[in-house]
RNA sequence: GGGCGAAUAGCUCAGUGGUAGAGCGCCUCGCUUACACCGAGGAUGUCGCAGGUUCGAACCCUGCUUCGCCCACCA
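Now the structure itself:
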């Protein structure tokens, strides 16, 4: 056996083994209860990032935990074509190559996309495997696969026939660079500073003018009204009159609308329904016409204004301002900070435009989706996101689902030459109503999130009734990033309820976002991106997984911290070596083949204090870990195991049991084996490679710990008395060690041994094993207390026990009093605090139990104080 | 503007009413036959600020400050 655990070789081996034994395989015919997860399909826009890795390990830990708990686990992996994202990535590549998709042509572009998908699909799969993900690869799905496409068309057709999908010209968020509409959720608002122009709109009939403040003077040409707040005294008599827009001189009405905030700007808003979502709504309320002065390319359409026509919007803005200044309409200009919408894929400023698009009427879908969470059919973790989910659904507007991209699912609708419009699943060659073969297919494609919304049931073979759907739908858990609550989670619930009459999942986990080490979001431009596979190479997948588990479900975003991953790598090594210790006692020759033998459970009477203590602790840790994983508290689980394994088992139990193992004590072997094996079992969902490598050392272990039943409660091991006694004993050893260290006495096991006798036996020595434990861990030899206790001999107070240095050792007893003086000061201070507390209202008002506890504590401190004084005065 | 969360050791974070914790880093020792990817010991905190509730507050309440996230039709 290697001295140090080698994650790289171990992980390669176990990856293969798990596939050989088909760990990920999900059997629809299994009689076991089902646990299923639809893996959020990563965008095929490159390799996996830290967020994907985190999400994968969360899901894998759950899958393994539930497998061990007797569930038939189905974890379906897949990938998403991510139309707009992928198209952008490839367009950027083409730009680097000095070409464009238009130059390439649709066919060559499509081939290029296919190549891309081929390459990255394989890569993503490989990356997930390296993290230890036990998905059911046979069920892998891709949103462009033919069966998936049929699901999309089926759903689209249903919604269309039910009147929940319609087409019409409305204002949309238009990305002039993508040359496509995007949904409200794909707009990212960024704060920026722009000039704020105060512009005079003169009254058409007579004196006076209204002053409008705007950041967009170039859209004045599309103004169709100016609006004031209905209650605004300043403008009451102007409502209903006409003003002239200051560029073209057209007469437009002054209207009153409650959307106008009298506090903002001048309290007068210019209404441009063609280029502002808000104005569009105001325009609808007042039946105002729509004027358009900006093209789909983001250029001005103003044939009457040659200086503006054909200019980009930004250029036109300054040119229009200049025209206003020259015309005397500009009252003043000042900077203003405001929110400007950008395309979340390419960063271009969004241009609100009126174009014909396809829409989903979401109201009918939203209410049941809200109800599912409000009623507890779906639980969101951490709970704080529940409110966010409900708020978002409450204020939902219709969802624009059409995109003008080259890539994606086509809108499955055709129009015949006679104007019959119909949705289809298989593209028809003739019109179903009039049989003409002159059909025009809709040129648009669907929003990627429309197809993603169907994921949980589409991947299980819906709409066909089939065993997989029966068995594994609804899925159990959805684990995903926080930023796609609206894009995806909410829409899955809406579609799932609509088409399957069931929630698509019962628990939603929003894991933390991994920030760079500098606390900022990881981004290439910031240079703080960390490749998870690089971490796997450096520290092993288990170390990355354990760190991920510790941060996954926190309230805040998690900062990347390589030293913590390193810490878990060291823990893996520690755990590995704990097994090696056991191993070597039974296989004296280093490197010899063989397994740690199975031994029968010893009679309870043959167990020592340390055995009873460690088993009691093991039972407690088992309970904590089980509860934590059930609650998705991965941090609680890894924390409890780490602490127990290292701070209790390795630091104390193994050190104490070594001698007994050496002498072939069967009870000791059984307990050690039990502790290590069961701890490995508890750790397996989070650190599967390491724990399988450990379990393999034990005779009688299965091919993987995944096949081991999860440890049940072992109430018979709970032993509070032994825990109390053992803590006392450990305290004594620690105290004594500190004392000796301070006096410059070597406390290594191989230092020269120091003879001690017991002067006052405190509770630390109440168990017969205790003295033996002291001499096992410290270079202490016990000698009989040789008469004449009054003689000034160096002494040590450890806890509430006093030990005297054996006669033969001699020593300067004054020097030995120094630590005692320091300890005494502490004890006195604490005793004073306690006395003060007990003398006050605490004694009367606090629960009797708590008061009792404090009294006992005071008594203990007093005892200790007494011992220390005796030592000092001797 | 609204909502949610966070502020604890030099750093990254646990801790949710009863004597302040971990990992890393730092200082001193020790290459002890499981492990130097280790072990033993040590230093380090008015738990953001101000009030309040309570016998008792890092923890509950109120306000404030700073940071983060989400939402919103501030022209």
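In the working numbering, the protein residues as written are 892 to 1765. Each residue gets a CB set at the ideal place from its N, CA and C atoms; glycine is no exception. None of these values were measured; they are calculated from a predicted model.
Just mark residue i as buried or exposed, buried being the case when its beta carbon has 16 or more other beta carbons within 10 Å.
i: residue 1727; result: exposed
i: residue 968; result: buried
i: residue 1481; result: Confidence at residue 1481 is low in this model, with a pLDDT of 42, below 50, so the placement of that residue should be treated as unreliable; the coordinate-derived value is given next. The residue is exposed, with fewer than 16 neighbouring Cβ atoms inside 10 Å.
i: residue 1043; result: buried
i: residue 1631; result: buried
i: residue 1113; result: buried
i: residue 1399; result: buried
i: residue 1288; result: exposed
i: residue 1303; result: buried
i: residue 1131; result: exposed
i: residue 1615; result: exposed
i: residue 1576; result: buried
i: residue 1305; result: buried
i: residue 1717; result: exposed
i: residue 1257; result: buried
So, with DSSP's three-state summary, where would you put residue i?
i: residue 1161; result: strand
i: residue 1512; result: helix
i: residue 987; result: helix
i: residue 1451; result: coil
i: residue 1763; result: helix
i: residue 896; result: coil
i: residue 1748; result: helix
i: residue 1194; result: coil
i: residue 1330; result: strand
i: residue 1523; result: coil
i: residue 1603; result: coil
i: residue 1112; result: helix
i: residue 1119; result: strand
i: residue 1738; result: coil
i: residue 1483; result: Note that residue 1483 scores a pLDDT of 45, beneath 50, so its modelled location is shaky; the value from the coordinates is reported in the next line. In this structure, residue 1483 counts as coil in the three-state DSSP scheme.
i: residue 1691; result: coil
In this structure, what does DSSP give as the bridge partners for residue i?
i: residue 1247; result: 1060
i: residue 928; result: 966 and 1368
i: residue 1293; result: 1337
i: residue 1554; result: None; residue 1554 has no bridge partner.
i: residue 1229; result: 1083
i: residue 1216; result: Answer by DSSP bridge pairing: none, since residue 1216 is not bridged.
i: residue 1646; result: 1672
i: residue 1144; result: 1133
i: residue 1270; result: 1398
i: residue 1094; result: 1134
i: residue 1307; result: 1330
Measuring CB to CB, does residue i end up less than 9 Å from residue j?
i: residue 1086; j: residue 1117; result: no
i: residue 1067; j: residue 1235; result: no
i: residue 1431; j: residue 1581; result: yes
i: residue 947; j: residue 1024; result: yes
i: residue 1229; j: residue 1110; result: no
i: residue 1767; j: residue 1337; result: Given that the chain is displayed from residue 892 to residue 1765, the structure contains no residue 1767 and the question cannot be resolved.
i: residue 1092; j: residue 1104; result: no
i: residue 1446; j: residue 1273; result: yes
i: residue 1749; j: residue 1711; result: no
i: residue 1003; j: residue 902; result: no
i: residue 1060; j: residue 1247; result: yes
i: residue 1372; j: residue 1401; result: yes
i: residue 1263; j: residue 1102; result: no
i: residue 963; j: residue 926; result: yes
Less than 8 Å between the CB atoms is what I'm expecting for residue i and residue j, so what's the real figure, rounded?
i: residue 1335; j: residue 1249; result: 7 Å
i: residue 1655; j: residue 1690; result: 5 Å
i: residue 1661; j: residue 1620; result: 5 Å
i: residue 1674; j: residue 1653; result: Contact flag wrong, Cβ pair sits at about 19 Å.
i: residue 1548; j: residue 1511; result: Not confirmed; about 19 Å, so no contact.
i: residue 1595; j: residue 912; result: 6 Å
i: residue 1433; j: residue 1403; result: Not confirmed; about 20 Å, so no contact.
i: residue 1134; j: residue 1158; result: Incorrect: roughly 14 Å between the Cβ atoms, too far for contact.
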